[in-house]
Amino acid sequence: LCHGAPFYVLGPLVTDMFPGYDHITSCIGATAMAYHGAAMLCFVTPKEHLGLPKKDDVKQGCIAYKIAAHAADVALGIPGTRDRDDELTKARAALNWKKHFELSFDPDTARAYHDEDLDVDTDFCAMCGHDWCSVRISKEIQEFASGKAEGFERLGGADGTKPGAPKKSAALTPEQQEILSKRGVLSPDEIHRLASKTSQAMRTQGQQSLGASASPVPSAQSPVPSGKLSCHSDYVDPDTARQLVAEKAGATAVVQIDVRPALGIAKEDRVI
Numbered sequence: 462l463c464h465g466a467p468f469y470v471l472g473p474l475v476t477d478m479f480p481g482y483d484h485i486t487s488c489i490g491a492t493a494m495a496y497h498g499a500a501m502l503c504f505v506t507p508k509e510h511l512g513l514p515k516k517d518d519v520k521q522g523c524i525a526y527k528i529a530a531h532a533a534d535v536a537l538g539i540p541g542t543r544d545r546d547d548e549l550t551k552a553r554a555a556l557n558w559k560k561h562f563e564l565s566f567d568p569d570t571a572r573a574y575h576d577e578d579l580d581v582d583t584d585f586c587a588m589c590g591h592d593w594c595s596v597r598i599s600k601e602i603q604e605f606a607s608g609k610a611e612g613f614e615r616l617g618g619a620d621g622t623k624p625g626a627p628k629k630s631a632a633l634t635p636e637q638q639e640i641l642s643k644r645g646v647l648s649p650d651e652i653h654r655l656a657s658k659t660s661q662a663m664r665t666q667g668q669q670s671l672g673a674s675a676s677p678v679p680s681a682q683s684p685v686p687s688g689k690l691s692c693h694s695d696y697v698d699p700d701t702a703r704q705l706v707a708e709k710a711g712a713t714a715v716v717q718i719d720v721r722p723a724l725g726i727a728k729e730d731r732v733i
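All residue numbers for the sequence shown refer to the numbering used here, where the first residue is 462 and numbers rise by one.
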């Protein structure tokens, strides 16, 4: 097209119907152009076609085009371009917040978003809370299955011969609670309520679905333990679990996946 000369592009916009967001619509086109060989990308700000950009508009445009250029380099498989991504992925999986932010492109913004809800580093974020954090659960499953990590010992019987269920971590350690109380941003009680918000909502919905037949006291007829998710098949019989899922989501069957063989966990153990 340009006989080997460096090719420069402004955008291009992939759609015209989002004025005020042209830094996004244009960086999508810029990513495609860079992937196909453009040598230089000229950034576009949110004020494009609307007015003269201010300092923050320029910042937003530059960040959008840094993303476009980096995404194209990664897609092209240029050696070394994924190294930082891979390291951040590992830090995220390990719940290493310090390294997570150090490796990010804009650490100040990332840290500010995190601290807006949780002003202390924990083994979860405020998105899903402690009880439903898939990253934390996956990490604990791996550490428990390995049998090596301190704090993830199998809880066996009194004689120690039969392995038991893994120990689930608390939402906050005593040290984290102390730090948080001194900072005065959120009380530990508020953090725990935040961590278990999904559990509480699901438990309430499950009890409503069961209707008048639900009993708050566990019994042979009503096996729902106090403080547990009443719609989870770990805590109710399979027929009740199917009934709750069918009523809530219109599902016809519940498929329970057993991952214990793949993880090498004994049949008697519960994964979560």
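All C-beta atoms in this analysis are idealised placements derived from N, C-alpha and C, irrespective of residue type, glycine included. Here the structure is a predicted model, which is why all the values come from computation and not from measurement.
Legend entry - Backbone secondary structure at Y526 - three-state DSSP: If DSSP states are grouped into helix, strand and coil, Y526 belongs with the helices.
Legend entry - Limits of the unbroken beta strand (DSSP E) element including M501: Here the beta strand (DSSP E) through M501 covers 501-503.
Inset, instruction - Could you give the DSSP three-state label for Y574: helix, strand or coil? - result: Annotated three-state conformation of Y574 is helix, per DSSP.
Inset, instruction - With Y496 as the anchor, note down where its alpha helix (DSSP H) starts and where it stops. - result: Counting along the chain, the alpha helix (DSSP H) containing Y496 begins and ends at 483-496.
Legend entry - Counterpart residues of L537 in DSSP-defined beta bridges: Looking at the DSSP assignment, L537 forms no beta bridge with any residue, so it has no partner.
Inset, instruction - With DSSP collapsed to three states, give me the class of L471. - result: The three-state secondary structure of L471, taken from DSSP, is strand.
Inset, instruction - Give the single residue among L502, F479, D477, T486 whose Cα lies nearest to the Cα of V470. - result: Answer by Cα proximity: L502.
Inset, instruction - Compute the Euclidean distance between the alpha carbons of P745 and D700, then round it to the nearest angstrom. - result: In the structure as shown, the chain begins at 462 and stops at 733. Residue 745 is therefore absent and cannot be evaluated.
Inset, instruction - Could you round the C-beta distance between D534 and E509 to whole angstroms and report it? I think they count as a contact, below 8 Å. - result: At roughly 24 Å, the Cβ-Cβ gap does not stay under 8 Å, so D534 and E509 are not in contact.
Legend entry - Best match in D544, H561, A525 for proximity to G472 [C-alpha to C-alpha]: Cα-wise, what sits closest to G472 is A525.
Legend entry - A491 versus G465, K515, D567, C523, residue with shortest Cα-Cα distance: It is C523.
Legend entry - Rounded separation between Q521 and H591 - CA only: One Cα belongs to Q521, the other to H591, and the distance between them is close to 32 Å.
Inset, instruction - Reducing DSSP to helix, strand and coil, say where P635 ends up. - result: Three-state result, P635: helix.
Legend entry - Opening and closing residue of the alpha helix (DSSP H) in which L556 lies: Here L556 belongs to no alpha helix (DSSP H), and DSSP marks it neither H nor E.
Legend entry - Top-ranked residue by Cα proximity to S599, from W558, S565, A495, R553: Out of W558, S565, A495, R553, the CA that lies nearest to the CA of S599 is found in R553.
Inset, instruction - Compare the beta carbon distance of A571 and F562 with 7 Å and say whether it is the shorter of the two. - result: Contact flag set, yes.
Legend entry - Sub-7 Å separation of A495 and F468 beta-carbons: Cβ atoms of A495 and F468: not closer than 7 Å.
Inset, instruction - Please state whether DSSP places V581 in a helix, a strand or coil. - result: Coil.
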